[in-house]
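Q: Numbering (our numbering), first residue to last: 60 to 294. Glycine residues also receive a C-beta, built at the ideal position from the N, C-alpha and C atoms. Below you'll find the structure I mean.
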Amino acid sequence: MATWRATVLTLFPEMFPGALGLSLAGKALADAKWALEIIDIRDFATDKHRSVDDTPSGGGAGMVMRADIASAAIDAARASLPLDTPTIYLSPRGRPLTQARALSLAAGPGAILLAGRFEGVDERVLEGRQLEEVSIGDYVLSGGELASMVLIDAVVRLLPGVAGNEASLAEESFSSGLLEYPHYTRPREWEGRAIPEVLLSGDHAAIAKWRREQAERLTKQRRPDLWRHHGKRQE
Ligand code: ADE
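Written out as structure tokens, the structure is:
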């Protein structure tokens, strides 16, 4: 299978690979288990000031990334990539990123990720180039770069041969629709707190039952939204 390829369009190429160059994602990058290409949007500016933004039509605060510049960068990225590569605009207005979307992206050839700055990009680019808008949460970052890194990290660790332990991927939070159960390791007692007895019992069925109960308890308490959904899936 061809290497999964992330192509990031940004005004801050120096931000990459950043955190993606270290630890699990960084090792996988060095081992060519995935590829990262960074395109500087400013390279597509056409005037002598290399401007990429302009004032919002209708007035208001901030600046808007120009449609002609953003589209030129997108078209250049698309020219050398498989036709089924999704193009994603990172934005707080997008659909929330989920583990399910990370899994479906991991199954594809890669992704083109447009990281915005300023107030946003001209709406006509989103329509004209049919971008998918994705948010990493209900808060506003100063640009899409960190959001694109979050998305890439979530995908890359799911690629075959990257995480090494397929079983732990299957058990982690969200895969089952539940938050993950608590973990413990030695020492057996720490500051007066003992490891739950059942985990030291060697009784695998009892351990599995305890872990499922804990996962359900945590999900009910912390994420009633997930819990309602989980209930429905069981019926
Ligand atoms: N850009 C700014 N804020 C963002 C968010 N919450 N998610 C994705 N992209 C963003």
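If we count the other Cβ atoms within 10 Å of its Cβ and call it buried at 16 or more, is Tyr243 buried or exposed?
A: As a first step, residue 243 is located in the sequence shown; it is residue number 184 there, counting from the start. Exposed is the call here.
Q: For the structure I just gave you, are there three or more beta carbon pairs, one from the stretch 257-267 and one from the stretch 184-197, closer than 8 Å?
A: By the Cβ test, the stretch 257-267 is not in contact with the stretch 184-197, since fewer than three Cβ pairs between them sit closer than 8 Å.
Q: Give a yes or no on whether the C-beta atoms belonging to Leu228 and Leu210 are separated by under 8 Å.
A: Counting from one through the sequence shown, the residue named residue 228 turns up at place 169. Counting from one through the sequence shown, the residue named residue 210 turns up at place 151. No, they are not a contact pair.
Q: Of the residues Thr69, Ala136, Ile195, Glu230, which one's Cα is nearest the Cα of Asp99?
A: Here residue 99 refers to the residue found at position 40 when the sequence shown is read from its first residue. For the residues Thr69, Ala136, Ile195, Glu230, the minimum Cα distance to Asp99 belongs to Thr69.
Q: For Ile97, report the span of its beta strand (DSSP E) as first-last.
A: Within the sequence shown, numbered from 1, the residue matching residue 97 stands at position 38. That run of the beta strand (DSSP E) goes 93-99.
Q: Bridge partners for Pro219 per DSSP, in chain order?
A: Here residue 219 corresponds to residue number 160 of the sequence shown, with the count starting at 1. In the DSSP output, where bridge partners are listed per residue, Pro219 has none listed.
Q: Excluding the 5 residues preceding and the 5 following Arg247 in the sequence, name in chain order all residues of the same chain whose CB lies nearer than 6 Å to its CB.
A: In the sequence shown, counting from the first residue as 1, residue 247 sits at position 188. So the list reads Ile254, once near-sequence residues are dropped.
Q: Is Val123 near the ligand ADE, with its Cβ less than 7 Å from a heavy atom?
A: Along the sequence shown, read from residue 1 onward, the residue named residue 123 stands at position 64. False, no ligand heavy atom lies under 7 Å from that Cβ.
Q: What's the C-alpha gap between Ser116 and Ala129?
A: Residue mapping note: residue 116 aligns to position 57 of the sequence shown, counting from 1. Residue mapping note: residue 129 aligns to position 70 of the sequence shown, counting from 1. The straight-line gap from Cα to Cα measures roughly 17 Å.
Q: Buried or exposed, going by whether 16 or more other CB atoms sit within 10 Å of the CB of Leu164?
A: Reading the sequence shown from its first residue, position 105 is the one you call residue 164. Buried, since its Cβ has 16 or more Cβ neighbours within 10 Å.
Q: Who pairs with Pro155 in a beta bridge, going by DSSP?
A: Within the sequence shown, residue 155 is the residue found at index 96, counting from 1. Bridge partners of Pro155: Ser194.
Q: From the DSSP output, which residues share a beta bridge with Leu164?
A: Here residue 164 refers to the residue found at position 105 of the sequence shown. BP columns for Leu164 are empty, so no partner.
Q: Return the CA-CA distance between Thr114 and Ala132, expressed in angstroms with no decimal places.
A: The residue given as residue 114 occupies position 55 in the sequence shown. The residue given as residue 132 occupies position 73 in the sequence shown. In a straight line, the C-alpha of Thr114 is about 20 Å away from that of Ala132.
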